[in-house]
Structure formats: structure tokens, C-alpha cells
Amino acid sequence: MATTATLKLDDKEYPLPILIGTEGEKAIDTRKLRADSGYICYDQGYGNTGSCESAITYLDGDNGVLRHRGYPIEDLAQHSDFVETTYLIIYGELPNAAKRKEFGLLLRQNAAVETQMQRIFEGFPKDAPPMAMLSSIVASMAAHYPQLAANNFEKDLANFDLAAAMMVSKIRTIGAMIYRYLRGLPYIFPKQELPFCENFLHMMFSEPYKDYVASPEIARALNLLLLLHADHEQNCSTSTVRMVASSSANLFTSISAGICALSGPLHGGANVSVMQMLQSIHDEGDDGTRFIEAAKSGGKGHRLMGFGHAVYRNFDPRAKIIGKAATEVLKKLGVNDPLLDIATKLEQAALKDDYFLSRKLYPNVDFYSGIIMRALGIPTNMFTVIFAIGRTPGWIANWREVAANPKGRIYRPRQIYVGPVKRDYVPLGQRS
Ligand code: SDX
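First residue of the sequence shown? That's 759 in the numbering used here, and the numbers climb one at a time after it.
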């Protein structure tokens, strides 16, 4: 296999090194192209551009492959849980029993949100978007824990284990508190003896004098949902975390930026859009046929939400797992949700329709996730918050790769300028 590519430009030749990843992915290294030739590469949205070398997650979009640190998502979904997968994604190895116990304890010890931080919630209106609250309150962690947010890689890496555990544990507590605040309910504080997901559901749904005790089925379903969202290579929000981290920003600040990116309806906000789409189809008495025809217009306003992906040109393996789990969870909980029937019909119709097949549009992680969350009693406006809680391990691991890279540099893409060329200033009195 070639180790160098040659670019012929303006009757000159430029040798460009070839990089090959451990899974055989190939890249042309253009880091010296501008200095040598005066040309830059242009790739709007970076769809064909590698911004980094990473050892966390491998995606093969053509074959629907997703692995975290080499472990297939199917195996992790079947055998692991969210806390263990979080440890794997952050530290690179599955924890042994001692490490798993130590990590679990660190998470339990750092679950509470301090009283001063609680005051921030009061600054939001009762109809505030939960993701706007989440990004703001996570950003404030840099103010409340300055010893973990020095904006200095050496210092912040020295405190990484505590900062990472705090981030994983507190974003879950903050999510539950946002749910309670927006409903005018008193906060329910974490119980150290509860496992991660059971504690979240306790903080969401318990009452001051009556504990909510999650059934094993419900806790398992939430574990699976969070695990399946834990990381996904250089998606929009993770790339945002790396971009902000590259300026030597601390973990909390960088993750707050990732939360902002995730909130968009084309990204993490899609799970909310999917439920709104299914509900509107149901309310209009459509069985999905009319909607599919409208979605084929492709306009961003009529898209089949939860379908299509910037990388997968095949099934999103997470969608397959969640789709199967949605049916099983609803059956176990004895929930009969007409929206699941509509989603199943939409999927079956779209997978026979040339418009979707020719564009390689398949269900993605968001298509069925909302069905499960609704069955767990989580309201639609909290779906993307759940996605953010799940994605936090991936964001943390990517922040650490940037912070620990001795050859790292600030992210600073170039552009092709298409604005006005040089022109003289016109005094006010002479302007038309
Ligand atoms: C996530 O990157 C990640 O890894 C993200 C994620 C993660 O875990 O982090 O996997 C999570 O964000 C999943 C994606 C959730 N978003 C949605 O479900 C929103 C609906 N999907 C689309 O908007 C779209 O598919 C994107 C944004 C996901 C991907 O967009 P692309 O790859 O830029 O595709 P495109 O906009 O260039 O569209 C290509 C064609 C167009 O038609 P033509 O111009 O060729 O005629 O496909 C059409 C689009 O109109 N198209 C759709 C469609 N998605 C693309 N048509 C109808 N319904 C859709 N959903």
C-alpha cells in the first residue's frame, strides 16, 4: 500500500504522507500542504476530514460497525452496563473488580449538587429549555470547583480522575434537578447506596415521603439507553468538546460547549423531534404513509426524523439494539404505545422506499430511543438531557486525549474568503 500520495499542481509535484489507522482507515496528511503549495483543503462540514487521531471509538459507517476501545457495541449492550462502559471509554480498559468498585464509589461520593450551585436553577424561568439549563449549570462547575478547572492541562490532568467522576455523576443529578425544578417539585437528593441509574430515577420520580424504587427492567432499560449513547467518534458535539479543549479550557467548560452542540435538532435534539413527529402522525390519524411522502421532499422541515446519518450508510447498530429493546421493554412493562406501532410502520415503509434506500437513509440511534424513555416516564423535553448524560463519558475521554497530547495544538481551521475585495472607505456624507 502506498505510503505517499503525490499532488500535481501548477506543474509542481507535492508528496503527501499517507496515514493508516489500526482498522485500516487511510488518510492523506495535508498538514504541510499550505506551507508547501499555498493551497488549503476545502471540506465544508469536515465530512471527509480527519481532525485528530483517536483511540476511543471506531466507526465503520458503510458496514454499521461501532466499537469502543475495540469492544463491539453489541457485546457491551449485552454484557456491560453504563458505569462499566463509562470506565472503559475514559480509561481504555474494562475495569477489574477492584477498579470497578473504586470507580463506583467515586461516582456515589460525588453525586450531590452543592447548595450554592442550586441557586443557579432559580435564575431560570419555569418554561426554560432543559438543555439551556444543563449547559449553563455544567459551565458553572468551573466556578464551583476551580481546583479542578485551572485551564492548564498539566494541573487539570493531575486532578482528572476526580473531575471526570464528578462530571459523570453530577450531570445526572443536575438533569434530575432540572426535571424537578421545571415542574415546581422539591429536589430529591441522591442516595449513596443506590446504583447509578436507580439513583437517577430516584432523584427524578421519588416524592419527599415516598421513594420511587426502579424495577430491574426499568433500570436495565435506562442503563442500555445511556450505554448506547456513551460515545460516537467525532460527532458534532464531541468535535465541539475537542475544539474548546484545544484552547486549554478545562473539562467542565469544554463539556458545556458539547451540550450546546448536542441540543440542535439535527443532532441530539432529534430524539425530541422524532417523538413530536410520531405524535403528530398519530394525532392526524395518519398511518405514516402521508408523512413518508412529505419526507421525501427532503426539505429540512419535512425530514423523517431519526432517519439518516452523517456517517452510517447502513443501519446504525445502536438503532437495531434500541428498536429490539423498545418492543421488549414495553412488553415487560405492559405498556401499549401506539407511537411504537407508527414507528415500526414508518421504518418498514421507508426501508422499502427507493427514496430512502437510494440515499442510504436508515434508522439512527434517535428513532426508537424516545419510545423507551416515554415508557420509563421521562417526558419528551428531557430526552436530549438523557442523551447528554449518556454522551458524557465520550466527551470526557475526548477532552483527555486533547489535554494529554504533547503534540497537540489549538484547533484553527482555515477558510475560502468569498467576501468583497479591497475597497476604499467612503465618508458618511458621500454614501448613497
Ligand atoms: C445523531 O454524527 C453522529 O455520530 C451523530 C449521532 C451521535 O451519536 O452523536 O449519531 C447522533 O445526531 C444522529 C442523527 C440525528 N438526526 C436526525 O435524525 C435528523 C434527521 N436526519 C437528517 O437531518 C440527516 O440525515 C443528518 C443530519 C443526520 C445527516 O445529514 P447529511 O449526512 O448531511 O445528509 P444530507 O443533509 O446531505 O442529506 C442527503 C440527502 C438529501 O437529499 P438530496 O438533496 O440528495 O435529494 O438525504 C436527504 C436530504 O434531503 N435526507 C433526508 C433525511 N436525511 C437526509 N430526507 C428525509 N429524511 C431524512 N431524515
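Backbone N, C-alpha and C define an ideal beta-carbon position, used for all residues, glycine too.
Treat the numbers as computed from the prediction; the structure is a model and nothing was measured.
Best match in the options for proximity to residue i [C-alpha to C-alpha]
i     : options                    : result
E965  : M891, P944, I976           : P944
L986  : V841, F1114, G1135         : V841
V999  : R789, T762, W1157, F879    : W1157
P904  : R1181, F1010, L1098, P1137 : F1010
L1104 : G1081, D989, V1093         : G1081
I878  : S894, E912, G822, Y800     : S894
P1164 : S1004, S838, T807          : S1004
S795  : D801, I778, L767, N806     : L767
I1144 : A988, G1092, A1068, R1172  : A988
L834  : A900, G933, P1075          : P1075
N957  : R941, T931, Y937           : T931
Y797  : R1181, Q1173, S1190        : Q1173
A1161 : P1137, D914, R792          : D914
C810  : P1171, A793, E912          : P1171
E781  : H826, R1117, D969, S898    : H826
I778  : G822, M759, V1087          : M759
Q992  : E1159, D769, P887          : E1159
T996  : K1090, V1123, T1150        : T1150
L892  : Y937, Q867, S1190, R1048   : Y937
S1021 : Q836, L791, A890           : A890
M935  : E872, T807, L952, P775     : E872
S973  : P953, V1176, L984          : P953
Q950  : M1140, G862, P1137, D801   : G862
A886  : G1177, D769, Y939          : Y939
G1027 : Y1070, F1125, S1012, L959  : F1125
R941  : E880, A793, A900           : E880
Y1175 : T788, A793, Y800, I786     : Y800
T807  : R789, H990, I1079, Y1113   : R789
Q876  : M899, A922, L865           : M899
A1107 : D1045, N1094, L1088        : D1045
L821  : Y849, Y1070, A1077         : For the record, residue 821 in the displayed sequence is Asn; it is not Leu. For the residues Y849, Y1070, A1077, the minimum Cα distance to N821 belongs to Y1070.
Q874  : A901, G850, N917, K1078    : A901
L1134 : K968, L1091, R792, I814    : L1091
CB-CB length for residue i against residue j, believed under 8 angstroms
i     : j     : result
G819  : N1008 : That belief does not hold up - the Cβ atoms of G819 and N1008 are roughly 32 angstroms apart, past 8 angstroms.
M1063 : S1031 : 4 angstroms
M925  : I1154 : 6 angstroms
A1068 : I1129 : Their Cβ separation, rounded to whole angstroms, is 23 angstroms, which puts A1068 and I1129 out of contact at 8 angstroms.
A1017 : A1146 : According to the sequence as given, residue 1017 is Ile; it is not Ala. At roughly 5 angstroms, the Cβ-Cβ gap stays under 8 angstroms, so I1017 and A1146 are in contact.
K928  : A869  : 7 angstroms
E771  : T762  : Contact doesn't hold; Cβ gap of about 11 angstroms is too wide.
N909  : S1006 : 6 angstroms
Helix, strand or coil at residue i [DSSP, three-state]
i     : result
T1085 : helix
Y1120 : coil
D818  : strand
K1078 : helix
H1040 : helix
H826  : strand
I1174 : coil
K1165 : coil
P1195 : This structure gives no information on residue 1195, because the portion of the chain shown stretches from 759 to 1190.
K784  : strand
T807  : coil
Y800  : coil
E956  : helix
Y939  : helix
K857  : helix
T764  : strand
I776  : strand
K790  : coil
K949  : coil
E771  : strand
E872  : coil
E965  : strand
F1073 : coil
7 angstroms CB neighbourhood of residue i in its chain, flanking five on each side removed
i     : result
L920  : L906
H1040 : P1096, L1097, I1100
D1111 : I1050
M962  : A934, Y937
A1053 : H1060, R1061, L1062
Cβ neighbours of residue i in the same chain (closer than 6 angstroms, five flanking residues each side left out)
i     : result
C955  : A977, L980, N981
L1119 : F1065, G1066
Y1169 : M1001, S1004
C994  : A1019, H1025
A856  : none
Contact set for residue i: own chain, Cβ-Cβ below 8 angstroms, skip 5 residues either direction
i     : result
L846  : H826, R827, Y829, L834, S838, L852, P853
L1192 : The displayed coordinates of the chain run from 759 to 1190. Any statement about residue 1192 would go beyond what the structure contains.
Any C-beta of chain B under 9 angstroms from that of residue i
i    : result
P953 : In the displayed structure, chain B is absent; only one protein chain is listed.
- What are the complete alpha helix (DSSP H) segments, minimum 4 residues, inside the stretch 973 to 1000? 974 to 986
- Could you name each continuous alpha helix (DSSP H) segment of 4 residues or more that falls completely within the stretch 880 to 930, going from the start of the chain to the end? 888 to 902, 911 to 916
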